[in-house]
Each structure stands twice: as C-alpha cells, then as structure tokens.
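Structure, as structure tokens:
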C-alpha cells in the first residue's frame, strides 16, 4: 500500500538551513509535493517536483529527489521565523487521479 | 478567484446531532476532495469527486458519513449522527487535474462534537 513517512519535529536556529526529509512507497507517483500549514490555516502548496527530475530550486527552497531510494527532501535556506509551520510531503498515488497521499507532517521549530 | 471556500469555519455540536460541512471549489476545477485531519492519523482522504461524480469513498469511516456534489460549484459532507470521535478539522480541496498545480485547499472546518 501507499505510505509517506516524515519525522515529526525539526528544530533549527534562525538563519540556518532546514532540511526536511520524506520517504514514500508508490514508485508510480508522477509528482511529489511539499505543502506548508500554518496554525489554524489550510495547506498551501509550496513546491512540487516531477518524478523524472533530481532537483528543483525555487528561491530559498531546494527539493531533492532520489527516486531509487524513494526519498524526497526540502531544504529551506536562511530559515526565518515566518517559516515556522508544519510541512507535509505528498505523492500523487495512481497518477494523481486518486488523490494525494500525505505524510503526517514535520513541525519546523525555529530557535532565535 | 477567492479560492476554495468552506463553511462554517468552526462547528460545535452535541453528540447525536447532524452536522453538514460545505465546500465551494475553485471555478473550473473538476476534482474535489474531502480530507480529515487529526493529530493521531494526520490527513486522511475521505472521498473524492471527478466531474461531480463520486469516484472513491473508501476512506469514509462509517455509514454515518455521506458526501454529495449536486453541481460543479458545491459539495457537502454530512455526519449523522455525530460522535465525539468525529472531532477533527475537515478540509476540502479542488484540482484541475493531476500535475503541477497540485490541489488547492480550503481553510478547513474545525468540528468539535461534545
């Protein structure tokens, strides 16, 4: 079955880089996504990567994909207090037509 | 576009009462998804629709849960009768299809059943 695993918490100092890791099981996933959820809000799409890519960079965000190991990571450079949130990894099981399967989310905690 | 609109934002109800959650997807999106979020289970897909037709409701926890999409701009999720263990945040999301756009989520309805 499909499963997406993430660490529950990550604590970093302000200004450092944050690296949030995710493993998934569905090798047929076409797209993999990172969503951000701030307190009391819905999920906001941060970025995505197509399964035939190894890396994607978007300003302070870098996504790395190791398809062989089914490992996805999100790096946030120069982490700011506004980055404090829950970050969800998701895969489009069944090519996306069957809905996204989400990990349980990683709480990113920023230390001053 | 105002995004995916859910109502109400908060709902507190007594056990045994009927609860109806509402969702207005983004205009032009042909897929609609209902998710439930709890601390224990994270985000669970309950049901999704393509072109107003329910495709997979295997995530609906019990017969007490039902969902409808009478037209392209409106969907409801109903719980009857509600139970305390139904307390969660319920999210609606819509999509124009798989791929680069992902899904757009509403702000959610926080349901508390006492």
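Chains as they are written, first to last, in our numbering: chain C, 1 to 112; chain L, 1 to 114. For glycine and all other residues, C-beta sits at the position ideal for the given N, C-alpha and C.
Excluding the 5 residues preceding and the 5 following residue i in the sequence, name in chain order all residues of the same chain whose CB lies nearer than 7 Å to its CB.
| i | result |
| --- | --- |
| residue 19 of chain C | 73 and 75 |
| residue 81 of chain C | 14 and 110 |
| residue 1 of chain C | Confidence is the limiting factor: at residue 1 of chain C the pLDDT is only 48, short of 50, which leaves the residue's position unreliable and the question unanswerable from this model. |
| residue 46 of chain C | 34, 35, 36 and 61 |
| residue 83 of chain L | 15 and 113 |
| residue 12 of chain L | 112 and 114 |
Within its chain, find whatever has a CB closer than 6 Å to the CB of residue i; leave out the 5 residues flanking it on each side and keep chain order.
| i | result |
| --- | --- |
| residue 31 of chain L | 50 and 95 |
| residue 32 of chain C | 49, 72 and 91 |
| residue 29 of chain L | 94, 95 and 96 |
I want to see whether chain C comes within less than 7 Å of residue i, judged by CB atoms only; does it?
| i | result |
| --- | --- |
| residue 73 of chain L | no |
| residue 48 of chain L | yes |
| residue 107 of chain L | yes |
| residue 42 of chain L | yes |
| residue 45 of chain L | yes |
| residue 33 of chain L | yes |
For residue i, which three-state DSSP category applies?
| i | result |
| --- | --- |
| residue 64 of chain L | coil |
| residue 26 of chain C | coil |
| residue 81 of chain C | helix |
| residue 149 of chain L | The requested residue 149 of chain L is not part of the displayed model; chain L covers only 1 to 114. |
| residue 3 of chain C | coil |
| residue 113 of chain C | No answer is possible for residue 113 of chain C: it lies beyond the span of chain C, which begins at 1 and ends at 112. |
| residue 18 of chain L | coil |
| residue 63 of chain C | strand |
| residue 56 of chain C | strand |
| residue 78 of chain L | strand |
| residue 110 of chain L | strand |
For residue i, is the beta carbon positioned less than 6 Å from some heavy atom of the ligand ZN?
| i | result |
| --- | --- |
| residue 22 of chain C | As for the ligand ZN, it is missing from this structure, which has no ligand bound. |
For residue i, which residues in chain C fall below 7 Å Cβ to Cβ?
| i | result |
| --- | --- |
| residue 90 of chain L | By Cβ distance, chain C contributes nothing, its closest Cβ being about 11 Å from residue 90 of chain L, past 7 Å. |
Who are the neighbours of residue i on chain L, taking C-beta pairs under 9 Å?
| i | result |
| --- | --- |
| residue 33 of chain C | 102 and 103 |
Can you check whether the C-beta of residue i is within less than 7 Å of a C-beta belonging to chain L?
| i | result |
| --- | --- |
| residue 48 of chain C | yes |
| residue 42 of chain C | yes |
Got a sec: is the Cβ-Cβ distance from residue i to anything in chain B below 7 Å?
| i | result |
| --- | --- |
| residue 45 of chain C | Among the chains of the structure shown, chain B does not appear; the protein chains present are C and L. |
Excluding the 5 residues preceding and the 5 following residue i in the sequence, name in chain order all residues of the same chain whose CB lies nearer than 8 Å to its CB.
| i | result |
| --- | --- |
| residue 100 of chain C | 33, 90, 91, 92 and 93 |
* Residues of the segment 98–109 of chain C whose Cβ lies closer than 8 Å to any Cβ of chain L, in chain order -> 98, 99, 100, 101, 102, 103, 104 and 105
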